[in-house]
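Notes follow once the structure below has been shown.
There are 2 protein chains.
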Amino acid sequence: MDELDNLEALDYDALQEKHSDELLELLDQKNMKELKLRMEDMNEFDLAEFLSEIDDKRMAMVFRLLSKERAAEVFANFEPPEQEKIINSITDSELTGIVEELYLDDAVDMMEEMPANVVKRVMRAATPQTRALINQYLNYPENSAGSIMTAEFVDLKKYMSVKDAFARIRRIGEDKETIYICFVTNASRKLEGVVTVKDLLLADPDTEIEELMDRNVVFASTTEDQESVSEKFSDYDLMALPVVDKEGRLVGIVTVDDIIDVMEQEATEDIEKMAGMLPSDTPYSRTKPLEIYKNRIPWLMFLMLSATFTSMILTSFEQMLAIVPGLVAFIPMLMGTGGNSGAQSATAVIRSLSLGDIEPKDALRVIWKEWRVAVLCGTTLSVVNFGKMLLLDHLILGNPSVTILVAATVSLSIVFIVMFAKLVGSLLPIGAEKIGLDPAVMANPLISTLTDAVSLLIYIYIAKLILGI
Amino acid sequence: MDELDNLEALDYDALQEKHSDELLELLDQKNMKELKLRMEDMNEFDLAEFLSEIDDKRMAMVFRLLSKERAAEVFANFEPPEQEKIINSITDSELTGIVEELYLDDAVDMMEEMPANVVKRVMRAATPQTRALINQYLNYPENSAGSIMTAEFVDLKKYMSVKDAFARIRRIGEDKETIYICFVTNASRKLEGVVTVKDLLLADPDTEIEELMDRNVVFASTTEDQESVSEKFSDYDLMALPVVDKEGRLVGIVTVDDIIDVMEQEATEDIEKMAGMLPSDTPYSRTKPLEIYKNRIPWLMFLMLSATFTSMILTSFEQMLAIVPGLVAFIPMLMGTGGNSGAQSATAVIRSLSLGDIEPKDALRVIWKEWRVAVLCGTTLSVVNFGKMLLLDHLILGNPSVTILVAATVSLSIVFIVMFAKLVGSLLPIGAEKIGLDPAVMANPLISTLTDAVSLLIYIYIAKLILGI
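Just so you know, the sequences run in chain order P and U. The numbering of the first sequence is the working numbering, which starts it at 1439 and goes up by one. The numbering of the second sequence is the working numbering, which starts it at 1439 and goes up by one.
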């Protein structure tokens, strides 16, 4: 950390870029000895980034300079395309080394992303025991606790002393994802309690684990959805969560670093659904246009076709609207305002539902709140619009068709449209959650299409009333 | 964990609800002794949930049954309204006990949410040292690493042996947020390295820390944005991140449990901005309607007023559009399709930017990708629409105004509208990021308003071309 002496170095990313440049220079000079030495000290994520940025041939060559352990660590930090390149450029025995060194959850993640021929080769390279475990994990439902858990945890027995526990941690701890949270199981592998290394360190070496352990363990079941697992991490500030099977036997643990990825993934899925896209597991930068097309066209198509109702309404009132010139010009603004108002409410409600901030049983409270917001927003917009139409359209632009009555028609419509949009926007997601659907699909696009049609009807009805057409 | 013997118990939440009911019963029976005993065993989050659900008077009474340490743990898990109630119902010396027991970051979080009079009372109750620290932390910019870090970490010196290190951890570890990651500092408190308890446990007791420590420490500076801090946690799978000041001195650490909250908060902010709302720190359920109104009205107003352009375009072409009856009826569908297409692209790009998946320098690659997606989506929608208009509108509904030429006009417009919308939808967020603006505000609402106006112009131009009006 000598670099910390100068100010520039106080930005970790800048520091890494400098290191990267130095490594590139060593590589150009073919100074493999120094390169290898420098790579041993580097963080595995930074090393993976560095390797991803050089050409394929040199990447494979440099990768093979790494020790078996380092190689597995760096491999786990690669994106799937780089993993595939590496697998295709190393020998079977090197592959076995990596697969066996990988944490089980990282190995399973990789298998889910690889093409079939690569999966086959990896499975062949794995030991029978690892192969059986990978197969078992691949069989848990997608996005379940079982599919994201890992098997590398420390288990203790309650009759052990603190001294015994430390001896066991020292013996088996090296390859565990976490040694800080240890799980106490009985003879039939049922979870009995949890004890932290902090408890162990602060206790007398002769204390029995039974005295130290916390029996009130927060746990998940193998089939539990990963969203519920990540809520537990957020509620209980966990570092690791034990996963039990139907019989209460401890089968794996989920660690907090995996949950961070789950949270990013779940937020992305919600955001995608809210914008009318099918959610995708692959990052945008690695998704092919055809794939993107397949995720986007279903909703676009459905929404385009459902706009038929709006067209039909417009067609049947076309004659009537034409009587008072100027009315048609405000239709897009009214529909836009309805759509935006509805989208705001839907977004707020969907996000609150997904964070556990509100529940379906809060429906009445939410509606009452949104109703008050709608009255406030609707009247403000209405008043401003009335002033704007009279001042800008009527006086300044001298548009003859914008009379006081037309301005009143448009402005009064705004109030009702905003109120309708906000109620529908908040009710649809809650209703979806109540009947077990994903509230996120009830978002902006669907709500706009619905509010489009209803906004038009409200507008026409009020025009009839005020303008007597 | 005797409960694990029956199957019902395999759902942790169901288990907690049962416990909660039992506590309520004890409370009703005024069996305080048993209640106190049961509460000592409970998880502090579950206990906070239980207390939040009973009435205020009983909540304060039950809270005062807790030991000082437990009280602080439960207090940290309360939402701000409950914290305020508790503060208002305990004595000054009880308040001092809680403030001193709280982790500094939890104390600072609380202060940021409390009204001024409560803040004053808490500050009076704190010891001068704690008061100075809270004041210092409150002065870091909002959402900076400094504002979310905590001061409770274990620091070691490099000349210590493993044995010395354990002795120090045992002595000072009790109140630290994490003891598992220890930070090595020199005499002037500059950060020199990091060592984990795992390293210490697996090493010989006489080894010097200098031999074990990793000098390549990932760190953040006090003024760094929390979004960048949370990216580091996600990239490097960290449990704790040291925060250094301008001189490289270690001033605090951020722990992973705080980052989980940061990630939820950042995702919520993005989602809110994308739906045209000002982001809010307060959960929806605790935000008053007037507050919600203030967050929503600015964008609604701006978007309503900017729809004036669309109105003006419609007004000036009203005569022309009226020549061919039926054209007007398809305007909402075209605008909707444009808005939805643009929103999809914008959402995908904004999310990718915020996850670090793409960067502004990828602009050309993104445009090329979106262009291909737009061609695919545009032609599919166009063909389906052409068929639908001829079959449904023309043949089945017998709408005389939907001629082949009108159908061709609408369908051809779709292609160009989708292409325009997808390009604008992907370009605006990247452009915003490039000039240092938040890409999320370039989302759906703004893009719909823009595509509304341009869609209309495209439609009119193509109508002129095909229908010769």
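Here a beta-carbon is modelled for each residue, glycine too, at the ideal position from N, C-alpha and C. Predicted, not measured: the structure shown is a model, and the values here were computed from it.
> Should the segment 1573–1588 of chain U be called in touch with the segment 1535–1543 of chain U, which here means at least 3 C-beta pairs below 8 Å?
Replying inline: yes
> Taking the alpha helix (DSSP H) that L1416 of chain U falls in, what are its first and last residues?
Replying inline: Limits of chain U in this structure are 1439 at one end and 1907 at the other, which puts residue 1416 of chain U out of reach.
> In the segment 1769–1781 of chain U, which residues sit with their C-beta less than 9 Å from some C-beta in chain B, listed in chain order?
Replying inline: Although the question refers to chain B, the structure presented lacks it and instead comprises the protein chains P and U.
> Does any C-beta atom of chain U lie closer than 7 Å to the C-beta of T1914 of chain P?
Replying inline: Lying before the first or after the last residue shown, residue 1914 of chain P is absent from chain P, which here runs from 1439 to 1907.
> Can the beta-carbon of G1631 of chain U be found less than 7 Å from the beta-carbon of R1609 of chain U?
Replying inline: Going by C-beta atoms, G1631 of chain U is not nearer than 7 Å to R1609 of chain U.
> In angstroms, rounded to a whole number, what distance separates the CA positions of G1869 of chain P and E1455 of chain U?
Replying inline: 24 Å
>> For a cutoff of 7 Å on Cβ pairs, would you count S1585 of chain P as touching chain U?
In response: no
> At a Cβ threshold of 7 Å, is E1441 of chain P touching chain U?
Replying inline: Because E1441 of chain P sits at a pLDDT of 43, beneath the cut-off of 50, its placement in the model cannot be relied upon, and the point is left open.
>> At the level of alpha carbons, what is the spacing between V1853 of chain U and C1815 of chain U?
In response: 8 Å
>> I want to know whether the segment 1697–1710 of chain U touches the segment 1690–1700 of chain P - three or more CB-CB distances under 8 Å.
In response: yes
> Between L1629 of chain P and D1637 of chain P, is the Cβ-Cβ spacing less than 7 Å?
Replying inline: No, the Cβ-Cβ distance between L1629 of chain P and D1637 of chain P is not below 7 Å.
> Counting along the chain, where does the alpha helix (DSSP H) carrying F1910 of chain P start and finish?
Replying inline: Outside the shown range of chain P (1439 to 1907) lies residue 1910 of chain P, about which nothing can therefore be said.
>> With a threshold of 7 Å between beta carbons, is G1714 of chain U in contact with chain P?
In response: yes
> Span of the beta strand (DSSP E) holding T1588 of chain P?
Replying inline: Looking at the DSSP string, T1588 of chain P is not in any beta strand (DSSP E), and its letter there is neither H nor E.
>> Does L1629 of chain P come out as helix, strand or coil in the three-state DSSP assignment?
In response: strand
> For L1504 of chain U, which option in U:G1535, U:F1604 and U:D1493 has the closest C-alpha, if you only look at C-alpha atoms?
Replying inline: U:G1535
>> Using a Cβ-Cβ distance cut-off of 7 Å, determine whether R1789 of chain U contacts chain P.
In response: Cβ-Cβ to chain P under 7 Å: yes for R1789 of chain U.
>> Between the segment 1780–1799 of chain P and the segment 1853–1865 of chain P, can you find at least three pairs of beta-carbon atoms closer than 8 Å?
In response: Judged by Cβ distances under 8 Å, the segment 1853–1865 of chain P makes contact with the segment 1780–1799 of chain P, as three or more pairs qualify.
> For chain P, is any of its Cβ atoms less than 7 Å away from the one on D1663 of chain U?
Replying inline: Residue-level contact check: D1663 of chain U does not touch chain P, since none of the beta carbons of chain P fall below 7 Å from its beta carbon.
>> Using a 10 Å radius around the Cβ and a threshold of 16 neighbouring Cβ atoms, would you call S1531 of chain P buried or exposed?
In response: exposed
>> So the candidates are P:P1566, P:V1804, P:T1725 and P:L1485; which of them puts its Cα closest to the Cα of A1510 of chain P?
In response: P:L1485
>> Can you give me the C-alpha to C-alpha distance between E1460 of chain U and Y1450 of chain U, rounded to a whole angstrom?
In response: Distance from the CA of E1460 of chain U to the CA of Y1450 of chain U, rounded to the nearest whole angstrom, comes to 16 Å.
> Any idea what DSSP makes of R1559 of chain U, helix, strand or coil?
Replying inline: The answer is helix: DSSP assigns R1559 of chain U an H, G or I state.
> Would A1545 of chain P count as contacting chain U if we go by Cβ distances under 7 Å?
Replying inline: no
> Looking at C-alpha atoms only, which residue of P:A1583, P:K1684 and P:L1888 is the closest neighbour of M1771 of chain U?
Replying inline: Residue P:L1888 is the option with its Cα nearest to M1771 of chain U.
> So A1845 of chain P and K1711 of chain P are in contact, right, with Cβ under 8 Å, and what is the actual spacing, rounded?
Replying inline: Incorrect: roughly 39 Å between the Cβ atoms, too far for contact.
> Going along chain U in order, which residues have a C-beta closer than 8 Å to the C-beta of M1739 of chain P?
Replying inline: T1818, L1819 and V1822
>> Looking at A1901 of chain P: is its Cβ nearer than 7 Å to the Cβ of T1847 of chain P?
In response: yes
> Do the segment 1557–1577 of chain P and the segment 1739–1757 of chain P touch if we need at least three Cβ pairs shorter than 8 Å?
Replying inline: no
>> So M1742 of chain U contacts chain P; which residues on that side make the cut at Cβ distance below 7 Å?
In response: M1771, T1775, L1819 and N1823
>> In the DSSP assignment, the alpha helix (DSSP H) including I1852 of chain P goes from what residue to what residue?
In response: I1842 to K1872
> Out of U:K1799, U:T1817 and U:P1736, which has the shortest C-alpha to C-alpha gap to P1883 of chain U?
Replying inline: U:P1736
>> Beta-carbon within less than 8 Å of S1659 of chain U's beta-carbon, same chain only, minus the 5 sequence neighbours each way: which residues are those?
In response: A1583, V1681, V1682, D1683 and K1684
>> Taking contact to mean 3 or more Cβ pairs, one atom from each stretch, closer than 8 Å, check whether the segment 1661–1668 of chain U and the segment 1557–1573 of chain U are in contact.
In response: no
> For the segment 1596–1621 of chain U, which residues have a beta carbon sitting closer than 8 Å to at least one beta carbon of chain P?
Replying inline: F1604, I1607, R1608, G1611, E1612, I1617 and Y1618
> Are the C-beta atoms of A1705 of chain U and some chain P residue less than 7 Å apart?
Replying inline: yes
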